[in-house]
Amino acid sequence: MEFLQRLLYTALSAASIFYFIVKTSLSFWKRRGILHDKPKFLLGNLGGVGGKRHISTVLEQLYEKYKGQAPFIGCYAYLKPMLLVLDLELVRHMLVKDAEYFKERGVFGNAPHDPLSANLLQQDGADWQRLHAAICRSYAEEHVIQMLPTLEKLAATMLRSLKQLPTSNAVPITNLVDCYNIDVISTLAFGISGETLLNSETEFRHMARSYLKDFNMFRLYFLMYFPNIARLFRYKTYEQAATDYFLKIVRQKLFEQEWSRLHQRNNFFQMFAELKRHRDPQKRLTDEEIAAQSFSFILMGLETCNSAMAFCLYELALQPDLQRSVHEEICKVWEHAERVLDAKNLKEMTLLKKCLYETLRKHTPYAFLLRNTDMDYEVPNSVFMLCKDNHLVIPVAAIHRDPDIYPDPSKYDPERFSDENVKRRHPMAFLPFGAGARGCLASRFSEMQMLVGLATLLRDYSFSPCRQTPIPLVYDNARLVLAPKGEIMLEVQCL
Ligand code: HEM
16 MEFLQRLLYT
26 ALSAASIFYF
36 IVKTSLSFWK
46 RRGILHDKPK
56 FLLGNLGGVG
66 GKRHISTVLE
76 QLYEKYKGQA
86 PFIGCYAYLK
96 PMLLVLDLEL
106 VRHMLVKDAE
116 YFKERGVFGN
126 APHDPLSANL
136 LQQDGADWQR
146 LHAAICRSYA
156 EEHVIQMLPT
166 LEKLAATMLR
176 SLKQLPTSNA
186 VPITNLVDCY
196 NIDVISTLAF
206 GISGETLLNS
216 ETEFRHMARS
226 YLKDFNMFRL
236 YFLMYFPNIA
246 RLFRYKTYEQ
256 AATDYFLKIV
266 RQKLFEQEWS
276 RLHQRNNFFQ
286 MFAELKRHRD
296 PQKRLTDEEI
306 AAQSFSFILM
316 GLETCNSAMA
326 FCLYELALQP
336 DLQRSVHEEI
346 CKVWEHAERV
356 LDAKNLKEMT
366 LLKKCLYETL
376 RKHTPYAFLL
386 RNTDMDYEVP
396 NSVFMLCKDN
406 HLVIPVAAIH
416 RDPDIYPDPS
426 KYDPERFSDE
436 NVKRRHPMAF
446 LPFGAGARGC
456 LASRFSEMQM
466 LVGLATLLRD
476 YSFSPCRQTP
486 IPLVYDNARL
496 VLAPKGEIML
506 EVQCL
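510 is the number that my numbering gives the last residue of the sequence shown; the numbers go up by one with no jumps.
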């Protein structure tokens, strides 16, 4: 009896302490007098995320409710207090003008025990600075342009794989563009010939799909809140089998490269490999660091490019007149350029580019950007002071769907990206690749990769909805990158 009583008291005390911690955490913004939305017990403002709602929907609702009332509001990711930035001028200060206060992102990485996490996205501080200084030149325009012929070749293989399918058939579009993007990554980032377009189930593709240990928002939150505990327990974000596989490929290719006399720079892998022997020890990369940079293409560039290309074809399938104009523009440039795509004539496909941008606006792959304050920061034109280690969220997808910036935001209208319309908007009104020193390094390259793939498909094929096409489109709420739930099926006709 006495034992039961003790057990009951212990349980009650533990429950009271837990309740007190939760209540104190969730009153963080109230105690500081910062405008915020009432949080739910344990969930904060993330109720339903990953199940009934996508994170972009939650951020959009908060943004719409509070924009214009304050430059930022407080919110809670479960128990973690975060600041949601609502004002575009403040966004510009944080990403560009006062970027030295916001150099960190605060995404968990554990390079000593999880080598693939030595990528730029997951690094902060001195490690980020060193890696960034070493590799950012590899993404310069002059290098990226040299990869166009390889992209063209892979896009031509995608056409061949499409031709093998029975005509007038419903085609799984996400799968088609996934094979193209996987081959781009294996060829240009790992230096191995991509064969997914010819033989869809390659080991590379399998690993590129299964590298992440069970992902969920709560795990992401835990790692952000308690990074030191996770490091103490040597937590790894990536599956050991995938880590071993990518490291093995990279080591093998580095070995081959060392013995060959060819010193070309027509893919990213060759440029990363050169850094192994850089004269400046600060810019010299280890095998593991090289593997992590190649792996960035899978981590950051696969689902994003898949979604953007598939959503673009989907939107054009629903607007046949627009699709016809895009097709005509591509054919005109293609014939004029004597059937070879170079950077100049890719730039001439202005309508296609506008369609890609409108897709990135309407279906923004990353709904938000993250920043940490490195030091105390006085918010311009206000009485607020942000303390060191505040976590900031910039709700990009909500900005892209703000009716005051983009009237009738659900409408797919590429003319929003005409030169005149772009000039009229705030420079921070379109941020699919982020901005500033921590913006996407590969934005120029991935734009080219997607434009080459789309131009090749839309030149030779027309896309239209069929019985299995999901209308309206449903998003997969469980994924962080915006993606369709299930496949996007479209009817494809050779032109
Ligand atoms: C449609 C394609 C892509 C989209 C929409 C996209 C978007 C983004 C966004 C939103 C960020 C965060 C920017 C910020 O915080 O300001 C980012 C960072 C990054 N992206 Fe991309 N990305 C794409 C493709 C790629 C590809 C193909 C790579 C290949 C390596 C890549 C590499 C990176 C890296 C390394 C960072 C971190 C940069 C840093 O912190 O220094 N991305 N990307």
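Don't be surprised by glycine CBs; every beta carbon is placed ideally from N, CA and C.
I'd like the ranges of any alpha helix (DSSP H) spanning at least 4 consecutive residues and lying wholly in the region 24-65.
43-46
The region 412-422 touching the region 312-324, judged by at least three CB pairs closer than 8 Å:
no
Are the beta-carbon atoms of LEU174 and LEU407 separated by less than 7 Å?
For the purposes of this step, residue 174 is taken as residue 159 along the sequence shown, with counting starting at 1. For the purposes of this step, residue 407 is taken as residue 392 along the sequence shown, with counting starting at 1. No, these two residues do not count as a Cβ contact at 7 Å.
Considering only residues of the region 61-142, which uninterrupted beta strand (DSSP E) runs meet the minimum length of 3 residues and lie entirely inside it, listed in chain order?
87-92, 95-100
Select from ASN282, MET315, VAL265 the residue whose C-alpha is nearest the C-alpha of ASP157.
Here residue 157 corresponds to residue number 142 of the sequence shown, with the count starting at 1. According to the sequence displayed, residue 157 carries Glu and not Asp. Comparing Cα-Cα distances from GLU157 to each of ASN282, MET315, VAL265, the minimum goes to ASN282.
Buried or exposed: which applies to GLY48, given that a residue is buried once 16 or more other Cβ atoms fall within 10 Å of its Cβ?
Taking the sequence shown and counting its residues from 1, the one referred to as residue 48 is at position 33. Answer is exposed; the Cβ neighbour count stays below 16.
Local Cβ density within 10 Å of ALA155, reported as buried at 16 or more and exposed below that
Residue 155 sits at position 140 when you count from the first residue of the sequence shown. That one is exposed.
Taking just the CA atoms, how far does ASP475 sit from ASP229?
Counting from 1 along the sequence shown, the entry for residue 229 is found at position 214. Counting from 1 along the sequence shown, the entry for residue 475 is found at position 460. Spanning the two alpha carbons is a distance of roughly 40 Å.
For LEU314, which option in GLU363, ARG299, MET390, PRO380 has the closest C-alpha, if you only look at C-alpha atoms?
Translated into the one-based positions of the sequence shown, residue 314 becomes position 299. Here the closest residue by C-alpha is PRO380.
For LEU317, I'd like the list of residues in its chain whose CB is within less than 8 Å of its CB, leaving aside the five on either flank, ordered along the chain.
The residue labelled residue 317 in the question sits at position 302 within the sequence shown. Within the same chain, LEU317 has close Cβ partners ASP193, ASN196, ILE197, ILE200, ALA223.
Assign TYR24 to one of two classes, buried (16 or more other C-beta atoms within 10 Å of its C-beta) or exposed (fewer than that).
The residue given as residue 24 occupies position 9 in the sequence shown. Exposed, by the Cβ-count rule.
Whole angstroms is fine: what's the gap from ILE345's alpha carbon to CYS90's?
For the purposes of this step, residue 345 is taken as residue 330 along the sequence shown, with counting starting at 1. For the purposes of this step, residue 90 is taken as residue 75 along the sequence shown, with counting starting at 1. If I take the Cα positions, the gap works out to 46 Å.
Look at HIS128 and ARG220 and say whether their C-beta atoms are less than 7 Å apart.
Counting from 1 along the sequence shown, the entry for residue 128 is found at position 113. Counting from 1 along the sequence shown, the entry for residue 220 is found at position 205. No.
Taking 7 Å as the limit between beta carbons, can you name the residues of its chain near ARG246, skipping five residues before and five after?
Here residue 246 refers to the residue found at position 231 when the sequence shown is read from its first residue. ASN125, listed in sequence order.
So is the beta-carbon of CYS455 under 6 Å away from any non-hydrogen atom of the ligand HEM?
Residue mapping note: residue 455 aligns to position 440 of the sequence shown, counting from 1. Checking every heavy atom of the ligand HEM against the Cβ of CYS455, one is found closer than 6 Å.
Please name the residue in GLU119, ALA257, GLY454, THR189 whose C-alpha comes closest to that of LYS500.
The sequence position of residue 500 within the sequence shown is 485, counting from 1. Selected option, being the one with the closest Cα: THR189.
Check PHE326 in the structure and name its three-state DSSP category.
Translated into the one-based positions of the sequence shown, residue 326 becomes position 311. It is helical.
Please say whether LEU456 and ALA307 have beta carbons closer to each other than 7 Å?
If you number the sequence shown from 1, residue 307 lands on position 292. If you number the sequence shown from 1, residue 456 lands on position 441. It is not a contact, given that the beta carbons lie outside the stated cut-off.
Candidates VAL64, ASP295, SER477: closest to PHE233 by CA position
What you label residue 233 is simply residue 218 of the sequence shown in a count that begins at 1. Among VAL64, ASP295, SER477, the Cα nearest to that of PHE233 belongs to VAL64.
What does the Cβ neighbour count give for GLN84, buried or exposed, with the cut at 16 atoms within 10 Å?
Here residue 84 is taken as the residue at index 69 of the sequence shown, counted from 1. The residue is exposed, with fewer than 16 neighbouring Cβ atoms inside 10 Å.
Please report the distance separating the alpha-carbon of GLU289 from that of ARG299.
For the purposes of this step, residue 289 is taken as residue 274 along the sequence shown, with counting starting at 1. For the purposes of this step, residue 299 is taken as residue 284 along the sequence shown, with counting starting at 1. Cα to Cα, GLU289 sits roughly 9 Å from ARG299.
Any idea if LYS438 is buried or exposed, counting beta-carbon neighbours within 10 angstroms, 16 or more meaning buried?
Sequence index remark: in the sequence shown, residue 438 carries index 423 (1-based). It counts as exposed.
Quick one: grab the DSSP three-state call for VAL408.
For the purposes of this step, residue 408 is taken as residue 393 along the sequence shown, with counting starting at 1. It is a strand residue.
Is the beta carbon of ALA323 within less than 6 Å of some heavy atom of the ligand HEM?
On the sequence shown, position 308 is the one that residue 323 refers to. ALA323 Cβ: within cutoff of the ligand HEM.
Please tell me whether GLY451 and ALA114 are closer than 7 Å, where the distance is taken between their beta carbons.
Position 436 of the sequence shown, counted from the first residue, corresponds to residue 451. Position 99 of the sequence shown, counted from the first residue, corresponds to residue 114. Yes, the Cβ-Cβ distance between GLY451 and ALA114 is below 7 Å.
Under the rule that 16 or more other beta-carbon atoms within 10 Å means buried, what is MET443, buried or exposed?
Position 428 of the sequence shown, counting from 1, holds the residue named residue 443. Its Cβ being crowded by 16 or more others within 10 Å, MET443 is buried.
Return the first residue and the last residue of the alpha helix (DSSP H) that CYS346 is part of.
Position 331 of the sequence shown, counting from 1, holds the residue named residue 346. Residues 335-351.
For PRO410, the nearest candidate out of TRP274, ARG376, LEU136, LEU466 (CA to CA):
For the purposes of this step, residue 410 is identified with residue 395 of the sequence shown, where counting begins at 1. The shortest C-alpha separation from PRO410 is found at ARG376.
Which same chain residues, not among the five before or five after ALA358, have their C-beta less than 7 Å away from its C-beta?
Taking the sequence shown and counting its residues from 1, one reaches residue 358 at position 343. For ALA358, where only same-chain residues beyond five positions count, the Cβ hits under 7 Å are ILE160, LEU163.
Inter-stretch contact at 8 Å, needing at least 3 Cβ pairs: the region 57-76 / the region 382-401:
yes
Residue ranges of each alpha helix (DSSP H) within the region 368-436, 4 or longer:
411-415
On the DSSP bridge list, what partners appear for GLN508?
The sequence position of residue 508 within the sequence shown is 493, counting from 1. Answer is SER477, bridged to GLN508.
CYS151 classed as buried or exposed, judged by whether at least 16 other C-beta atoms fall within 10 angstroms:
For the purposes of this step, residue 151 is taken as the residue at position 136 of the sequence shown. Per the 10 Å Cβ criterion, exposed.
Start and end residues, beta strand (DSSP E) containing ALA185:
Residue numbering aside, residue 185 sits at position 170 when the sequence shown is read from its first letter. Taken as a continuous stretch (DSSP letters only), the beta strand (DSSP E) holding ALA185 covers 184-187.
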